[in-house]
Every structure is written in structure tokens, then in C-alpha cells.
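Following: one structure in C-alpha cells, then a few remarks.
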Amino acid sequence: MEELKTLRDIKPLVDIPDSSIYIYWALIGVGVVLGLLLLSFVLRKLLSLRKENKRKIYIQKLHAIDFKEAKQSAYEATHYGRLVAQSDREKEIYSQLLPYLERYKYRKIVEKVDSDTQKQFRLFLQVIEP
639 MEELKTLRDI KPLVDIPDSS IYIYWALIGV GVVLGLLLLS FVLRKLLSLR
689 KENKRKIYIQ KLHAIDFKEA KQSAYEATHY GRLVAQSDRE KEIYSQLLPY
739 LERYKYRKIV EKVDSDTQKQ FRLFLQVIEP
């Protein structure tokens, strides 16, 4: 019985601060944010490449205009020229080309495209070439 007196009692439980659940959710949150940023970056890159490809397609369509049908060619040149002209110089040349093309639009009967209009159009094509 004397041995029992020398025995010490079990100490009560001690609270240990545990913040692992907060660290876990913080890591998940950071991972989601990084994933969304990466996804937005990739999507932006793909869309910008797609825009460049559209520009190339529009330039090809401008090169394909032959001015045999003056009215339709004037409409196509106006439409695709507006889409392609991006820099200040391109916009300036395009704005100079517009009055030449206006003569062949909005009329029932149009004459053949004159050499001045074709020369201005060729100048615009040279300016927009990459």
C-alpha cells in the first residue's frame, strides 16, 4: 500500500492550439486563385492569337478583291479595311481610301473602278502588310 502512495495521479488533458484546418483551407484558396490566374492568362493568350489569325484572314480577303464587280468590291474593301486598320498610319490611309470607295456604293448602277481608286487601294494593301 505504500507503493500506492508514491504513485502520482494522471495529469489532466492539456489544450494544444491547432490551426492546421486554417492552413489547409488557406492553401486550397491560394491554389484556386493561382489556378484561376493561370487559366485567365492562357485564355487571354489564345484570344489574342485568334485575333491575329483573323487579321491575316481579313488581309487575304482584301488581296482577293478584284474590282470586277465594283459595287460589291467597294463594300468588301470598306468592311475588311475597317477591321484591319489598327495603327495610326493604317487608319489615315484607310480614311483617304474611303472617299474613293464611296463613289461605288449606295448607287443602283456604277461604272468600272478607276485607276486612282485601285492605286489608293494598293497603297492601303502595302501599308497593312505585316
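In terms of this note's numbering, the sequence shown opens at residue 639 and continues consecutively.
A virtual CB, placed ideally from N, CA and C, is assigned to each residue, including glycine.
Nearest neighbour of L735 by Cα position, chosen from Y718, R745, I661, K746, turns out to be Y718.
Per DSSP, the unbroken alpha helix (DSSP H) holding A702 starts and ends at 658-702. The beta-carbon distance between A723 and Y732, rounded to whole angstroms, is 4 Å. This is short enough to meet the 8 Å contact definition.
V765 carries a helical assignment under DSSP once its states are collapsed to helix, strand and coil.
In this structure, DSSP gives Y742 a state outside helix and strand, which the three-state scheme calls coil.
The three-state secondary structure of P655, taken from DSSP, is coil.
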